[in-house]
Every structure is written in structure tokens, then in C-alpha cells.
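Q:
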Amino acid sequence: QVQLVESGGGLVQPGGSLRLSCAASGSISGINNMGWYRQAPSKQRELVAVVTSGGITNYKDSVKGRFTISRDNAKNTVYLQMNSLKPEDTAVYYCTVLTFSARRYWGQGTQVTVSS
């Protein structure tokens, strides 16, 4: 079992920045990929960014150049630095991990609202 605790969401004006954090605990030695999804009202959950255990990253096209995902394996934490935020980035952001045994775990979600 892996437990995920997210933090860092909130309200920000367009063009602003936020940094999301997600700390993993439990069976953390089995974690492969760490990432972030988001879900806006009336929309499906979508992948925002992912980082593999080897440090390879992948991003949703619309956030490339604005968002940066990183992980600190010593702290078992994944981060999402979000810059130049737009109203369309408003959503609940979920941390997720995928283990080497192909089990996926989710955080509780953190609200990000971009509005003036």
C-alpha cells in the first residue's frame, strides 16, 4: 500500500504560479512512475505530467513550457511547479503513483483555481 498526501493548491491570478507537492509513504520502494492528473468540472480526468523512476518526464501539450514536474526520491515526494497559470488550468489536481507491480494509487486531490 502507498499513501499520498498532496498540498499546495489554492487561488491564484492569471499569470501567477503555484507549486504542488505530494508526499508518498508506505510501500514506497515499489514506486515507478509519479505524476499529476487533473479534472475540471464536467470533464474527464487527464494526465498533466509524469516522471519515471529514471527521471524521464512527459507533459500534456498545453502545459509544456509552463509546468515542471520533479521528484525527490530521498523525500519520496513529487512536485509540480506551475507557472504562467491560465483560467483553463483550473481543476482538481490529483497526485498518482504507479508501482513496478502495475498498481496505481491516488491522492485525495487539491483544488487549483486560476481567476482574477
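Note that this note's numbering has the sequence shown beginning at 955, numbered continuously upward.
C-beta: ideal position from N, C-alpha, C; glycine also.
In the DSSP assignment, the beta strand (DSSP E) including residue 980 goes from what residue to what residue?
A: 972-980
Q: Quick one: which unbroken beta strand (DSSP E) runs of 3-plus residues sit fully inside the region 975-1037? Chain order, please.
A: 985-993, 1000-1005, 1011-1013, 1021-1026 and 1031-1036
Q: Give me the Cα-Cα distance between residue 998 and residue 1035, rounded to the nearest whole angstrom.
A: 22 Å
Q: What are the start and end residues of the beta strand (DSSP E) that includes residue 960?
A: 956-961
Q: CB-CB under 8 Å to residue 980, same chain, minus the five flanking residues each way: which ones, in chain order?
A: 955, 956 and 957
Q: How big is the Cα-Cα spacing for residue 988 and residue 1056?
A: 12 Å
Q: If you draw a straight line from the alpha carbon of residue 1037 to that of residue 974, how long is it in whole angstroms?
A: 11 Å
Q: Run through the DSSP bridge pairs and tell me what residue 1058 is partnered with.
A: 1052
Q: Per DSSP, residue 964 is paired with what?
A: 1066
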